[in-house]
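Undergrad: Structure below; questions to follow.
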Amino acid sequence: MAADQTQIAVIGGGPGGYVAAFRAADLGLDVTLIDLDENPGGVCLYRGCIPSKALLHVAKLLNETKEAAEWGVTFGEPRIDLDGLRAFKDRVVARMTGGLGQLSKARKVTYVRGRARFTGAQSLKIDLHDGGQQDLSFEQAVLATGSRPVVLPAFDIGSERVMDSTGALELRDVPGRLLVVGGGIIGLELGQVYAALGSQVSVVEMTDGLIPPADRDLVKVLSRRLESQFEGVHLNTKVTAVAENGNALDVSWEPVTGGDGATQTFDRILLSIGRRPNTEDLGLETTRIQLTERGFVSVDAQRRTAEPSIFAIGDVIGSALAHTASHEGIVAAEVMSGERSAFEPNAIPGVVYTDPEIAWCGLTESEAAGRDIKVARFPWAASGRATTLGRSDGLTKLIVDPQTERILGVGIAGPGAGELIAEGVLAVEMAALVQDVALTIHPHPSLSETVMEAAEAYHGLSPHITGPRR
17 MAADQTQIAV IGGGPGGYVA AFRAADLGLD VTLIDLDENP GGVCLYRGCI PSKALLHVAK
77 LLNETKEAAE WGVTFGEPRI DLDGLRAFKD RVVARMTGGL GQLSKARKVT YVRGRARFTG
137 AQSLKIDLHD GGQQDLSFEQ AVLATGSRPV VLPAFDIGSE RVMDSTGALE LRDVPGRLLV
197 VGGGIIGLEL GQVYAALGSQ VSVVEMTDGL IPPADRDLVK VLSRRLESQF EGVHLNTKVT
257 AVAENGNALD VSWEPVTGGD GATQTFDRIL LSIGRRPNTE DLGLETTRIQ LTERGFVSVD
317 AQRRTAEPSI FAIGDVIGSA LAHTASHEGI VAAEVMSGER SAFEPNAIPG VVYTDPEIAW
377 CGLTESEAAG RDIKVARFPW AASGRATTLG RSDGLTKLIV DPQTERILGV GIAGPGAGEL
437 IAEGVLAVEM AALVQDVALT IHPHPSLSET VMEAAEAYHG LSPHITGPRR
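Residue numbers (my numbering): 17 to 486.
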C-alpha cells in the first residue's frame with residue numbers, strides 16, 4: 017500500500033491503541049499507529065501506571081526498613097538520592113516503551129509520531145512531530161486518544177507548585193508538606209510515595225470516604241495504615257481557595273455541608289480529582305461519531321461508534337482502566353478483521369496499588385445492597401502466610417448468590433491483592449461455585465489460601481476460623 021493509505025489507522029498508542037494495532041497486525045491487516053511519543057505506551061507507560069508502580073515499589077521498601085525493627089532488624093536512616101530514583105523510574109519506562117517500539121517494528125506496524133484528526137469517515141490529517149503534515153486514508157480506524165487530568169478553576173492559578181499526576185511523577189523535589197486533593201486511587205498511591213520519601217501528606221476528599229468504588233470494609237484496612245503515614249485525611253471537605261504565598265501555597269477548605277473552614281500552608285498540591293476524555297480537536301464533527309452526556313464517545317458492544325468505519329476504546333469511551341482498554345482493543349481488531357467478537361466481560365478487576373493493596377471484581381457488596389446475597393469473609397489474622405509477613409490485617413471476601421452458590425464478586429485488601437484478584441476474576445467469569453474454589457487445593461502457606469478459606473468459610477467449614485454451618 018502507498019504510504020498515505022492503510023487498512024487500519026489507530027489513533028493513540030496507549031494500552032488500548034497499541035494492543036489493537038498489534039492484534040490487527042497479527043490478523044494480517046496493514047496497520048498504521050499514530051501517537052506523539054517516541055514509542056507506543058501512552059500515558060500508562062510514560063506518565064501513569066508503570067512509573068507510579070516503580071515509585072510505589074521504592075516506597076514500600078522504605079517503609080519496610082522502618083517496620084523491620086519489629087522483626088529484630090534495624091536499618092540506618094535511608095538516604096534518598098532523587099536523581100538516582102528518577103533515573104530508576106526512567107529506565108523502567110524506557111525499557112518498556114522501547115520494547116513496544118521493537119514489537120511494533122517486528123509486526124511491521126507503521127508508527128507515525130504526530131497528532132491526528134479526522135477529515136472524514138475514512139481520512140485523517142496528521143500534524144507530524146518533526147513538522148509538516150501527512151494525509152492518510154484508511155478503511156477502518158480505532159480512536160484510542162485516552163484522557164487527561166481534570167483541573168478545577170480554584171487551582172488554575174498558574175503555579176508550578178500545583179501538580180497533576182504527571183507533574184508528581186517527575187519528582188522535582190520532596191515537599192515538606194503536600195496536600196493531595198482527591199482521595200481516589202491516583203492521589204492515594206502518589207501520596208504514599210511522597211510520604212515514604214519524607215513529605216508530610218494531607219488528603220482532602222469531598223465524599224464521605226476514600227476510594228468510592230471500593231467496599232468500605234476493604235478501604236478500612238488501608239485507612240488504618242494511612243492514619244500513621246499521613247498527617248491528616250479530611251473527608252466531606254472541599255477546597256475553596258488557593259493562593260501563592262512566597263514559596264508556598266495557602267489553601268482554604270471547608271465542610272461540603274457548610275460550617276467553619278480552615279486555612280493551611282503547603283509546599284505543593286497534588287490535584288487528583290479525575291480525568292476527562294480527549295475528544296477535542298479530533299475532527300469528530302466530520303464524522304457521525306456521537307458523544308454521551310458526559311462527553312465520552314458512544315460505542316456498541318463491538319466498540320464501534322455511530323460511524324461504522326470507526327471504533328473507539330479506553331478512556332475516551334469511559335473505560336478508565338488500562339487492562340479494560342487492552343481487551344477492548346482486541347475486540348475492535350477482531351471485528352475489523354471480520355471475526356465475530358464483542359466486549360462482554362462478567363468481571364473487570366479494579367486494583368489500588370497502595371500498601372496495603374485493595375482489589376475487587378464482579379459485584380461489590382455496596383452494589384449488592386438490597387439484593388439477596390451472602391458474604392463470606394476470611395480475615396488475614398487467621399492466615400499463616402500473612403502473619404509471617406507481619407501483615408495480618410488484611411481481608412478476603414466472596415459475594416455469593418445463596419440460591420445457586422455462584423460467586424458473583426470478590427474483594428481483597430492486603431499486600432499482593434492485585435495479584436490475588438486474578439483468581440477471583442476467573443471464578444466470576446467461569447460462573448464458579450463456592451465449592452469449586454473450596455475444593456481447589458491452594459499452596460500452603462500462601463496468601464492465595466485466603467481465597468480458598470473464604471470459600472470454605474461460606475459453609476462454616478474453614479479450619480482456621482469458626483462460623484455457622486450453612
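Here a beta-carbon is modelled for each residue, glycine too, at the ideal position from N, C-alpha and C.
Note that the coordinates shown come from a computational prediction; the quantities given were computed from them, not determined experimentally.
1. Find out if the Cβ-Cβ distance for the pair T182, P169 is shorter than 9 Å.
2. Distance check for G117 and Q138, CA to CA, integer angstroms please.
3. The beta strand (DSSP E) spanning A25 covers which residue range?
4. When you compare only the Cα positions, how much space is there between F91 and T81?
5. Tell me, to the nearest whole angstrom, how far the beta carbon of G12 is from that of P372; I am working on the premise that it is less than 8 Å.
6. Return the chain-ordered ranges of every beta strand (DSSP E) run that is complete within the region 190–272 and spans a minimum of 3 residues.
7. DSSP puts A139 in a beta bridge; with which residues?
8. Quick one: grab the DSSP three-state call for D388.
9. Comparing C-alpha positions only, which one of I415, F359 and G198 sits nearest to I490?
10. Less than 9 Å between the beta carbons of E205 and T370, yes or no?
11. Where does T273 land, buried or exposed, given buried means 16+ other C-beta within 10 angstroms?
12. Label A18 either buried or exposed according to how many other C-beta atoms from any shown protein chain fall within 10 Å of its C-beta, with 16 as the threshold for buried.
13. Just curious, the alpha helix (DSSP H) that Q451 is in, first and last residue?
14. Please list the segments of the beta strand (DSSP E) lying wholly inside the region 412–437, counting only runs of 3 or more residues, in order along the chain.
15. Quick one: measure Cβ to Cβ for V444 and G425, integer angstroms, because I've assumed they're closer than 8 Å.
16. Quick one, which of E435, T302 and A328 has its alpha-carbon nearest A375's?
17. So, is W396 buried or exposed, given that buried needs 16 or more other C-beta atoms within 10 angstroms?
18. Using a Cβ distance threshold of 8 Å, determine whether the region 300–320 contacts the region 278–285, with at least three qualifying pairs required.
19. Measure the C-alpha to C-alpha separation of P459 and E465 and round it to an integer number of angstroms.
20. Which whole-angstrom value describes the C-beta separation of V167 and V196, a residue pair presumed to lie in contact below a C-beta threshold of 8 Å?
21. Three or more C-beta pairs under 8 Å: does that hold for the region 86–103 against the region 37–51?
22. In whole angstroms, what separates the C-alpha of A160 from that of S478?
23. Based on the DSSP secondary-structure assignment, which residues constitute the bridge partners of C377?
24. Between A392 and A471, how many whole angstroms is the CB-CB distance? I'm expecting something under 8 Å.
25. Which residue from I481, D417 and T482 puts its Cα closest to that of V450?
26. Flag this pair as yes or no: are the beta carbons of D266 and V255 separated by less than 9 Å?
27. In whole angstroms, what is the alpha-carbon distance linking I423 and A385?
28. Roughly how many angstroms separate the alpha carbons of V249 and E243, rounded to a whole number?
29. Please name the residue, chosen from D180, F171 and Q156, that lies closest to S163 on a Cα-to-Cα basis.
30. Mark K124 as exposed unless 16 or more other C-beta atoms lie within 10 angstroms of its C-beta, in which case mark it buried.
31. Give the DSSP-derived three-state secondary structure of Q318 in the structure shown.
TA: To lay it out plainly:
1. It is not a contact, given that the beta carbons lie outside the stated cut-off.
2. Going by C-alpha positions, Q138 is about 26 Å away from G117.
3. It spans Q21 to I27 - the beta strand (DSSP E) in which A25 sits, taken as one unbroken run.
4. Answer to the nearest angstrom: the Cα atoms are 6 Å apart.
5. The question about residue 12 has no answer here: the residues shown for the chain are numbered 17 through 486.
6. Secondary structure remark: continuous beta strand (DSSP E) runs of at least 3 residues inside the region 190–272, in chain order: 193–197, 216–220, 248–250, 253–261 and 264–271.
7. Per the sequence presented here, residue 139 reads as Ser, with Ala not at that position. S139 pairs with G136 and S153.
8. DSSP places D388 outside both helix and strand once states are collapsed to three, so it counts as coil.
9. Examination of residue 490 is not possible in this model, given that the chain is present from 17 through 486 alone.
10. Yes, these two residues count as a Cβ contact at 9 Å.
11. When all chains shown are included, T273 counts as exposed.
12. Because A18 carries a pLDDT of 43, less than 50, the predicted location of this residue cannot be relied on, and no value is offered for it.
13. According to the DSSP assignment, Q451 belongs to the alpha helix (DSSP H) that extends over V450 to A454.
14. Every unbroken stretch of the beta strand (DSSP E) spanning 3 or more residues and falling wholly within the region 412–437 is given here in chain order: 423–429.
15. At roughly 7 Å, the Cβ-Cβ gap stays under 8 Å, so V444 and G425 are in contact.
16. Distances from the alpha-carbon of A375 to those of E435, T302 and A328 put E435 closest.
17. Buried, by the Cβ-count rule.
18. With the cut-off at 8 Å, the region 300–320 and the region 278–285 do not touch.
19. Between the alpha carbons of P459 and E465 lies a gap of roughly 7 Å.
20. The Cβ separation is near 15 Å, so there is no contact.
21. No, because fewer than three Cβ pairs between the region 86–103 and the region 37–51 fall closer than 8 Å, the two stretches do not touch.
22. Going by the C-alpha atoms only, they are around 46 Å apart.
23. Partner(s): V426.
24. Rounded to the nearest angstrom, the Cβ distance from A392 to A471 is 7 Å, consistent with a contact under 8 Å.
25. Between V450 and the set I481, D417 and T482, the nearest pair of CA atoms involves D417.
26. In this structure, V255 does not lie closer than 9 Å to D266 by Cβ.
27. One C-alpha to the other measures close to 16 Å.
28. Roughly 8 Å between the two C-alpha positions.
29. Measuring from the Cα of S163, the nearest candidate turns out to be D180.
30. Sixteen is the threshold: since fewer than 16 other Cβ atoms of the shown chains lie within 10 Å of the Cβ of K124, the residue is exposed.
31. Reduced to three states, the DSSP call for Q318 is coil.
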